[in-house]
Amino acid sequence: MKSFASQLISWQRTHGRHGLPWQGADAYRVWLSEVMLQQTQVATVIPYYRRFVASFPNIAALAAATEEQVLAHWSGLGYYARGRNLHKAACIIVERFNGEFPRRFEDIVELPGIGRSTAAAICALAYHERRAILDGNVKRVLARYCGIAGWAGEKKVEEKLWQQAEALLPRSDVAIYTQALMDMGATVCTRSRPRCAICPVQAGCIALRTERTAELPAPRPRKAVPEKYATFLLLMHGNDILLERRPGSGIWGGLWCPPQFDDEAAAKDWFMRNGMDAGEGIRLETFAHTFTHFKLHITPLKIQLAHKPLRVAQPGSVWLDVEEAIQAAIPTPVRAILAKIC
Ligand code: SF4
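The numbering of the sequence shown is the working numbering, which starts it at 1 and goes up by one.
As structure tokens, this is what we get:
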């Protein structure tokens, strides 16, 4: 029987994904695509990727941009730490590597936002270096193919998966093999209902043989997701809205948002402390936004002002026309609110 790797390599040549805009590109573009693909599917990533490379065609251009410009290009993709880290890493590359993407795995893995698997994927795809990857899709494929039980987030289970990932690596054609693993995980060995009948490695798959494809990989142990509540104060003057820049770290770090409070009373208190008459305001419908670790219930409170209060026009806050604000570096739920009031 042909090896796991050679079966995958043959399969990729005829059935894998070809013509993705970053395939065969330089290390900068491969890095960018890998970071964008960390939490996001290919179809969503492509337009973001194209816009990003049009604005920042190389590492020097990315490093020369402001973090805000970078985040405006990331707006809507979520997990904004990825965009901030990309920008930080570009500045480091300009400073330490003369603007050239580093060549050594050890240097790449030290850059912000790049873990072992992403660094290995860049080395394999851009430099054709023999490196094993282990992203979420690959974990699923290997857990099933090798019959590895347990949740992949557990250290022991992850170690076993890394061992298998290293053991199955081919001697050559590593770039095609790496792409094949990614493609297989995304299109054949899918989370629910894997398409085992057309799988190139079905003959050796332990999960298929033991009828455990639905059990493997084991899901993350369930924990109740904490619920949090917030009031977003939509302070309007004509068609302008007040936005504040959030601190660099934490949820939506560096993005622009309406002032956020724990509840309506706190919002009104702030409003009055800034010399404005609280009035009643219009409460818009509460909706929920789910983060990885908690669920945030957001109630937007819209207040129309007759005059722009000077005291809230501080550094870190800005009045923007609502339509202009929609184009700025804002998180997806804020964009949805602005689209509603537009
Ligand atoms: S046979 Fe099925 S479960 Fe096994 S690797 Fe292929 S698609 Fe995944």
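Glycine is no exception: its CB is placed at the ideal position from the N, C-alpha and C atoms.
Nothing here was measured: the structure is a model prediction, and the numbers come from that model.
Taking only the alpha-carbon atoms, compute the straight-line gap between residue i and residue j and give it to the nearest angstrom.
i, j, result
"His293", "Thr213", "27 Å"
"Glu166", "Ala265", "57 Å"
"Glu227", "Cys189", "33 Å"
"Val174", "Gly254", "38 Å"
"Met276", "Ala54", "44 Å"
"His18", "Thr118", "20 Å"
"Leu161", "Tyr49", "30 Å"
"Asn85", "Trp256", "18 Å"
What did DSSP end up calling residue i once you bin it into helix, strand or coil?
i, result
"Lys139", "helix"
"Ile282", "strand"
"Gln23", "coil"
"Asp173", "coil"
"Leu320", "strand"
"Arg130", "coil"
"Ser75", "coil"
"Gln12", "helix"
"Ser33", "helix"
Closest by CA to residue i, which one among the options?
i, options, result
"Gln163", "Gly78, Gln179, Ala143", "Ala143"
"Glu285", "Gly153, Ile341, Asn274", "Ile341"
"Ser317", "Asp240, Lys302, Ile93, Met272", "Asp240"
"Phe232", "Glu211, Asp263, Leu208", "Asp263"
"Met182", "Gly24, Ala25, Leu32, Val42", "Val42"
"His237", "Phe261, Ile303, Thr40", "Ile303"
"Arg193", "Thr14, Arg171, Pro217, Ser6", "Pro217"
Pull up the DSSP beta-bridge partners for residue i, would you.
i, result
"Pro237", "Per the sequence presented here, residue 237 reads as His, with Pro not at that position. His237 is bridged to Asp240."
"Tyr229", "His297"
"Trp162", "According to DSSP, which records beta bridges pairwise, Trp162 is partnered with nothing at all."
"His344", "Only positions 1 to 342 of the chain appear in the structure, and residue 344 is not among them; the question remains open."
"Ile303", "Leu235"
"Arg245", "Trp256"
"Ala218", "Trp151"
"Phe261", "Thr231"
Please look up how many angstroms separate the CB atoms of residue i and residue j, rounded, as I've assumed it's under 8 Å.
i, j, result
"Ala336", "Ala72", "Not confirmed; about 17 Å, so no contact."
"Cys123", "Ile108", "7 Å"
"Leu8", "Ala180", "4 Å"
"Pro112", "Ala89", "5 Å"
"Asn274", "Pro309", "6 Å"
"Leu125", "Thr178", "6 Å"
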